[in-house]
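The structure under discussion appears below in the form of structure tokens.
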Amino acid sequence: MIEILRPAEVAQARHTGGLVADILQTLKSRSLVGTNLLDIDAWTEAMIAEAGAQSCYVEYAPSFGRGPFGHYICTAVNDAVLHGMPHDYTLADGDLLTLDLAVTHGGVAADAAISFIVGDARLTDGAESAAMIEATERALTAGIAAAGPGARLGDISHAIGSVLTAAGYSINTDFGGHGIGSTMHQDPHIPNTGRPGRGYRLRPGLLLALEPWVMADTDQLVTDADGWTLRSATGCRTAHSEHTIAITEDGSEILTVEQRAVR
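Numbering that gives the first Met the number 0 applies: residue 0 is where the sequence shown begins, and numbers increase by one.
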């Protein structure tokens, strides 16, 4: 199903998107050396509840997972890149952490992800990790710039893929961006590479979650025993950036931007 939101629903999506961005930035500030991933999950649960919102993850049980996810945020460390299930792990200097969060508030969902280095990046391959994070951020910016009324999904995919390929990364197309609205995952699927001028024509009121992600030296994934966490097949580091956007009458609008401090 491809859902087109009414103006009032897009306005609600701005509020939900701001909440997601605020929570992510608060978690980033708290994710220090010595922080446990389970603490991050507990903080997320508390902030969602305080906002009167609902988690998109706790009961999430798609065909590719193993039962309900059962947690409030995805926490992917180093070689993990997608669907990172929080577990008893304490962050160390130089860890590359990705936080991926989706919530629903007022009947509309928003989804975003950030990657960053914890503590002292000099203790690991900090420059390489920073370059990979920056490449996903630039690809996300390019994808957003390509989105607007009348554009095609392939225009977004091509813009994202061109940046990632030029940066030297191979691209996995099994998982990518997606439509979003009253539920977290909707059609259309948005691969992180593609041909311009192809695919669904974008319309005002369409919400999309764009999420470029890469692995340093492979495009192959393996799944943890938890049935959820996806890692690079070679054990290399990974990065992931995501925003929810709305297609407007004259372009696109990023919805997952900070609006207030959540502490």
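A virtual CB, placed ideally from N, CA and C, is assigned to each residue, including glycine.
Note that the coordinates shown come from a computational prediction; the quantities given were computed from them, not determined experimentally.
Quick one: residues in its chain with C-beta nearer than 8 Å to the C-beta of residue i, no 5 flanking neighbours on either side, listed in chain order?
| i | result |
| --- | --- |
| Ala269 | As displayed, the chain neither begins before 0 nor continues past 262, which places residue 269 out of reach and without an answer. |
| Arg121 | Gly93 |
| Ile72 | Leu26, Ile39, Asp40, Thr43, Tyr56, Pro85, Leu98, Asp99 and Leu100 |
| Thr164 | Ile170 and Thr192 |
| Ala60 | Gly66, Pro67 and Phe68 |
| Val19 | Leu100, Ala101, Val102, Ala109, Asp110, Ala111, Thr243 and Thr255 |
| Ile47 | Ile22, Gln53, Ser54, Tyr71 and Val102 |
| His157 | Ala145, Thr192, Gly193, Arg194 and Pro195 |
| Gly64 | His82, Gly226 and Trp227 |
Go through its chain and collect everything with a Cβ distance to residue i's Cβ below 7 Å, but skip five positions before and after it.
| i | result |
| --- | --- |
| Ala112 | Thr97, Leu98, Asp99, Glu210, His239, Ser240 and Glu241 |
| Asp78 | Arg230, Ser231, Gly234, Cys235, Arg236 and Thr237 |
| Glu2 | Gly178, Gly180, Ser181 and Gln185 |
| Thr247 | Pro203 |
| Glu252 | Ile244 and Ala245 |
| Pro190 | Ser156, Thr172 and Gly175 |
Please classify residue i as buried or exposed, where buried requires at least 16 other C-beta atoms within 10 Å of its C-beta.
| i | result |
| --- | --- |
| Val221 | exposed |
| Thr74 | buried |
| Arg13 | buried |
| Pro6 | exposed |
| Ser62 | exposed |
| Met0 | exposed |
May I ask you to list the residues that DSSP assigns as paired with residue i?
| i | result |
| --- | --- |
| Gly147 | Answer is none; Gly147 lacks a bridge partner. |
| Gly178 | Gln185 and Leu207 |
| Leu96 | Val76 and Phe115 |
| Val107 | His104 |
| Ala245 | Leu206 and Glu252 |
| Ile170 | Bridge partners of Ile170: none, in fact. |
Determine whether the beta carbon atoms of residue i and residue j lie at a separation below 9 Å.
| i | j | result |
| --- | --- | --- |
| Gly175 | Leu205 | no |
| His104 | Gln24 | no |
| Ile155 | Leu207 | yes |
| Leu90 | Val76 | yes |
| Asp119 | Leu36 | no |
| Leu201 | Ala150 | yes |
| Val117 | Ser30 | yes |
| Gly250 | Pro148 | yes |
| Ala215 | Tyr168 | yes |
For residue i, collect the residues of the same chain with a Cβ closer than 6 Å to its Cβ; drop the 5 residues on either side in sequence, then sort them by chain order.
| i | result |
| --- | --- |
| Tyr199 | Leu152 and Pro187 |
| Gln219 | Ala232 |
| Ala166 | Ala134 |
| Gly142 | Ile155, Ala158, Ile159 and Leu209 |
| Asp225 | Met84 |
| Val9 | Ala245 |
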